[in-house]
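Contents: one structure, followed by commentary.
6 protein chains.
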Amino acid sequence: MNRIAIFPGSFSPFTLGHKSVVDSAIPLFNKVIIAVGINSEKNQYFLIEERMQWIESVYDNNQKIEIKRYEGLTVDFCKKENANYIIRGLRDSHDFTFEKNIAQMNKKLNPDIETIFIITPPELSHISSTILRDIIKNGGDISEFIPKEINI
Amino acid sequence: MNRIAIFPGSFSPFTLGHKSVVDSAIPLFNKVIIAVGINSEKNQYFLIEERMQWIESVYDNNQKIEIKRYEGLTVDFCKKENANYIIRGLRDSHDFTFEKNIAQMNKKLNPDIETIFIITPPELSHISSTILRDIIKNGGDISEFIPKEINI
Amino acid sequence: MNRIAIFPGSFSPFTLGHKSVVDSAIPLFNKVIIAVGINSEKNQYFLIEERMQWIESVYDNNQKIEIKRYEGLTVDFCKKENANYIIRGLRDSHDFTFEKNIAQMNKKLNPDIETIFIITPPELSHISSTILRDIIKNGGDISEFIPKEINI
Amino acid sequence: MNRIAIFPGSFSPFTLGHKSVVDSAIPLFNKVIIAVGINSEKNQYFLIEERMQWIESVYDNNQKIEIKRYEGLTVDFCKKENANYIIRGLRDSHDFTFEKNIAQMNKKLNPDIETIFIITPPELSHISSTILRDIIKNGGDISEFIPKEINI
Amino acid sequence: MNRIAIFPGSFSPFTLGHKSVVDSAIPLFNKVIIAVGINSEKNQYFLIEERMQWIESVYDNNQKIEIKRYEGLTVDFCKKENANYIIRGLRDSHDFTFEKNIAQMNKKLNPDIETIFIITPPELSHISSTILRDIIKNGGDISEFIPKEINI
Amino acid sequence: MNRIAIFPGSFSPFTLGHKSVVDSAIPLFNKVIIAVGINSEKNQYFLIEERMQWIESVYDNNQKIEIKRYEGLTVDFCKKENANYIIRGLRDSHDFTFEKNIAQMNKKLNPDIETIFIITPPELSHISSTILRDIIKNGGDISEFIPKEINI
Chain A
2 MNRIAIFPGS FSPFTLGHKS VVDSAIPLFN KVIIAVGINS EKNQYFLIEE
52 RMQWIESVYD NNQKIEIKRY EGLTVDFCKK ENANYIIRGL RDSHDFTFEK
102 NIAQMNKKLN PDIETIFIIT PPELSHISST ILRDIIKNGG DISEFIPKEI
152 NI
Chain B
2 MNRIAIFPGS FSPFTLGHKS VVDSAIPLFN KVIIAVGINS EKNQYFLIEE
52 RMQWIESVYD NNQKIEIKRY EGLTVDFCKK ENANYIIRGL RDSHDFTFEK
102 NIAQMNKKLN PDIETIFIIT PPELSHISST ILRDIIKNGG DISEFIPKEI
152 NI
Chain C
2 MNRIAIFPGS FSPFTLGHKS VVDSAIPLFN KVIIAVGINS EKNQYFLIEE
52 RMQWIESVYD NNQKIEIKRY EGLTVDFCKK ENANYIIRGL RDSHDFTFEK
102 NIAQMNKKLN PDIETIFIIT PPELSHISST ILRDIIKNGG DISEFIPKEI
152 NI
Chain D
2 MNRIAIFPGS FSPFTLGHKS VVDSAIPLFN KVIIAVGINS EKNQYFLIEE
52 RMQWIESVYD NNQKIEIKRY EGLTVDFCKK ENANYIIRGL RDSHDFTFEK
102 NIAQMNKKLN PDIETIFIIT PPELSHISST ILRDIIKNGG DISEFIPKEI
152 NI
Chain E
2 MNRIAIFPGS FSPFTLGHKS VVDSAIPLFN KVIIAVGINS EKNQYFLIEE
52 RMQWIESVYD NNQKIEIKRY EGLTVDFCKK ENANYIIRGL RDSHDFTFEK
102 NIAQMNKKLN PDIETIFIIT PPELSHISST ILRDIIKNGG DISEFIPKEI
152 NI
Chain F
2 MNRIAIFPGS FSPFTLGHKS VVDSAIPLFN KVIIAVGINS EKNQYFLIEE
52 RMQWIESVYD NNQKIEIKRY EGLTVDFCKK ENANYIIRGL RDSHDFTFEK
102 NIAQMNKKLN PDIETIFIIT PPELSHISST ILRDIIKNGG DISEFIPKEI
152 NI
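Protein chains in written order, with our numbering: chain A, 2 to 153; chain B, 2 to 153; chain C, 2 to 153; chain D, 2 to 153; chain E, 2 to 153; chain F, 2 to 153.
See below:
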């Protein structure tokens, strides 16, 4: 079995929380494709090229990581990439309720694709891209919440 | 890497929900050890021998499944069994809040062990061992909520 | 159709929250049977006779209300009483998660029985029998949280 | 008593989850008015005529069902239609928290109107109109999640 | 120590729930600054001047209350105002999950600033500015949910 | 105003999470009484003398901290100690739902007593006395989750 996983998201921006999920997933899979969504509304704030470049700077030399842009249904992108797993991080019960429905629906759309959840470590559980964008808009410094390779 | 996972629980009794979690995990691991807890209070209702036999009847010919009794810390049992993963199922936000703390604590106790969460399919999300024991105590029939191999 | 509903519970004690649920349900049904559970652990604190008497004192002259003791599966009691509805109150998301599983399970056990939920008014949402018993044990006064007909 | 109920929503589109709530409510009421909201933002995706036609195709010959468009306060629409009940479905704790506030507020605005909640069956709990619209936008097939009478 | 607290919000409009939080906080602090946000999207419905005037009419003669407009990061506004505390009200678990992340992030941005939470009384827990704006838009009367000094 | 606060609990054992709540509360109050409950079931595992000694070792030289045993209603103990505030920590939405009801009930029992909530920092949010007791029972080491002054 090929053990390829997709980690889909906006990554607007990619945070230490996202990084912890990817780092936890790497040993379990042969390849982890970080799939950067093109068309979500959240993506308007940073360009897709910018968001992809940031992630590339973090996983520069990691042979198991690929970074790809995607649009359309996540399960269709999985099929195209020959991936059987979707990886998602969970921080709190609000995340859970939202992700549960998506994961159950994706399995109905394609029963061959399993969603695997990883809980972020407690010290990163308060970090969300939404809050980070809000800090940036208001002139604050987000450097302690994102990988050191990223300069925003 | 050995890709051995523990699926710990009381399994009092083992339900279709438990089975769906194990079935989803099997392709991802080389071995899944179903670890049946000895000393939890929930275990008083059914004998450990009985609970183990039921699970054995379900996974009779599956080379990837082992069924073992355990007590003590889950992370200690993982180490003893050379397992780097703990598998847990999630049904609802109550499960999530409970499991989140346990998973984060286990990772603090042993950073080499990752907990992987799988969400039960919607049609099984209402099944819990606690409710099934309650139905049995009150003379009801639980056969549609447990694997067909199990006769209670 | 007979429109008979069961309102099952421990009622240990019967609170203003319980009363608000019953009062909201009365116009919708021809008969509401308040079903007082015998064998739950919560019932140890007050005798079943006591708990039933309290409720009787509240609905003394109401022709639509019956108060009965019950044990066993709620759906079996419904069938025996020719009731097609179970009524439950909801105060908060913790109640919801618990009640959701029970209701879905009851419908699987007997598809003819529907559970109808009523949300308690905000000013009563903090009242629970568990907290009231705790206040009594510690010498506090609960009279403002129970119907005026009940003297504890 | 007239036992008329309103089931308000956007129904954008009407799903198997909505249908299960209506089907559970029908025996309890003399008339169930499916009230299709005009002015919500969610309604932009499908025309009101389209949404109403879909529901009509499902309940074509059901004498107890009426389908009406509405705008304004739900309690005002209830009054105009002589309805004393609002029906709402609940899938998860996120739904509950949202619906609780609306129901409590509606009762404050008009104490004669009671909101009755029905929990969707587990096998439909992951279906939401929002997710279905997202699948449509991304070229997916939603036919297994909506009534067979509806062609989208 | 100066014991100055900020109570930030949109107050669009200021409700009895907001008032109960301020009233509970007043005895604990030497000064409570009600900080009315300028640039949130929610603020579009009422002008900032209007929102500030309403609050002024409520706390007209209270020497401990100041009403100020603000934009930018809340922790920066705290620093400028020499305040070490942020006050927030909590109604339900949805509020909690949202506020938890903000409070934890604010403490990371400035460890000298503590967020203090006060739970609204049960009889006001269903009131939110969002629902009140919705009632106004639909021609309803919100006077029983806002301080009597405010005429909207 | 005297600004005396009670921090009630079992503290079985006192954790870094408890300590963070106390440390956050100290600047706001003239005195913080850590009130160690006698009669809760959770207290059976450690003796009250032991639990009190642990807390004393942490706050040895802090003039603002008092450690007292208590039983009965928390609001009665507040009155006896002339305290107008109860302090509680919040970790997650499960905590919140539980604490909300207690706080609202305490305010009904004595409107002069306000409960003030402080959210634990993210890096301590997974620590609970219940989990720590479980680790101890199973032979694990909890020293990184409790104040360094405590030896268990």
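The beta carbon of each residue, even a glycine, is placed where N, CA and C say it ideally should be.
Beta-carbon proximity check, TYR86(B) vs PHE30(B), cutoff 8 Å: For the pair TYR86(B) and PHE30(B), the CB atoms are nearer than the 8 Å cut-off.
Through-space distance from GLU124(D) to GLY18(B), alpha-carbon basis: C-alpha separation (whole angstroms): 13 Å.
Residue-chain proximity (GLN105(B), chain A), Cβ-Cβ < 8 Å: Yes, because at least one Cβ of chain A sits closer than 8 Å to the Cβ of GLN105(B).
Residue range of the unbroken beta strand (DSSP E) whose run includes THR116(C): Looking at the DSSP string, the run of the beta strand (DSSP E) that includes THR116(C) is 115-120.
Assigned exposure category for LYS138(E) - 16 Cβ within 10 Å defines buried: If you draw a 10 Å sphere on the C-beta of LYS138(E), you find fewer than 16 other C-beta atoms in it, and that means exposed.
Distance, ILE35(D) Cα to GLN45(A) Cα: Their Cα atoms are separated by approximately 37 Å.
Those residues which DSSP pairs with GLY10(D) across a bridge: Partner(s): VAL37(D).
DSSP beta-bridge partners of ARG70(B): Its beta-bridge partners are VAL37(B).
Spatially closest choice to LYS65(E) from CYS79(E), ARG4(E), PRO9(E), by CA coordinates: Among CYS79(E), ARG4(E), PRO9(E), the Cα nearest to that of LYS65(E) is on ARG4(E).
Local Cβ density within 10 Å of PRO28(E), reported as buried at 16 or more and exposed below that: When all chains shown are included, PRO28(E) counts as exposed.
Cβ of SER126(E) within 8 Å of any chain C Cβ: Yes - at least one Cβ of chain C is within 8 Å of the one on SER126(E).
Rounded C-alpha distance that separates GLU100(B) from PRO148(F): Answer to the nearest angstrom: the Cα atoms are 25 Å apart.
Where the alpha helix (DSSP H) containing GLY141(B) begins and where it ends: Looking at the DSSP string, GLY141(B) is not in any alpha helix (DSSP H), and its letter there is neither H nor E.
For ILE87(B), the first and last residue of its enclosing beta strand (DSSP E): It spans 86-91 - the beta strand (DSSP E) in which ILE87(B) sits, taken as one unbroken run.
C-alpha distance - ARG89(D) paired with GLU115(D), whole-angstrom precision: Roughly 11 Å separates the two Cα atoms.
Contact list for HIS95(E) against chain D, beta-carbon separation under 8 Å: Residues of chain D passing the Cβ test: HIS95, THR98, PHE99.
Chain E contacts from the stretch 108-126 of chain C (Cβ-Cβ distance under 8 Å): PRO123, GLU124, LEU125, SER126: these are the residues of the stretch 108-126 of chain C whose beta carbon lies less than 8 Å from some beta carbon of chain E, given in chain order.
DSSP state of ILE103(E) mapped onto helix, strand, coil: In the displayed model, ILE103(E) falls within a helix according to three-state DSSP.
LYS65(E) - DSSP class collapsed to helix/strand/coil: DSSP, reduced to helix, strand and coil, places LYS65(E) outside both helices and strands of the structure shown, so it counts as coil.
DSSP beta-bridge partners of LYS32(E): Answer is ILE5(E).
Under 8 Å by beta carbon: chain B residues contacting LEU29(A): The answer, in chain order, is ARG4, LEU29, TYR86, GLU115, ILE117.
Pairwise C-alpha distance: PHE47(E) and ASP61(E): Taking the straight line from one Cα to the other gives about 20 Å.
Nonlocal neighbours in the same chain, by C-beta distance under 7 Å from PHE97(A), ignoring five residues either side: Excluding positions up to five away in sequence, the list reads LEU91.
Proximity to SER13(B) [Cα-Cα], best of ILE49(B), ASP24(B), LYS20(B), ALA6(B): Of the listed residues, the one whose Cα sits closest to SER13(B) is ILE49(B).
Opening and closing residue of the alpha helix (DSSP H) in which THR16(D) lies: Per DSSP, THR16(D) belongs to no alpha helix (DSSP H) and is neither H nor E.
First and last residue of the uninterrupted alpha helix (DSSP H) at GLY49(B): Note that residue 49(B) is Ile in the sequence shown, not Gly. Note, ILE49(B): alpha helix (DSSP H), 49-59.
Where SER144(C) falls, given that 16 or more other Cβ within 10 Å makes a residue buried: Flag for SER144(C) reads exposed.
ASP93(D) vs SER126(D) beta-carbon contact at 8 Å: It is a contact, given that the beta carbons lie within the stated cut-off.
Inter-residue spacing [alpha-carbon to alpha-carbon] between GLU51(F) and ALA6(B): Rounded to the nearest angstrom, the two C-alpha atoms are 39 Å apart.
Proximity test, Cβ basis, 8 Å: SER129(E) and chain D: Interface residue, yes.
Endpoints, the alpha helix (DSSP H) within which LYS80(E) is located: That run of the alpha helix (DSSP H) goes 75-81.
CB of GLN105(E) within 8 Å of CB of PRO122(F), strictly: The Cβ atoms of GLN105(E) and PRO122(F) lie closer than 8 Å to each other.
Members of the stretch 10-36 of chain D near chain C, C-beta cut-off 8 Å: Flagged, chain order: SER25, PRO28, LEU29.
ASP135(E) versus SER129(E) - alpha carbon distance: Answer to the nearest angstrom: the Cα atoms are 10 Å apart.
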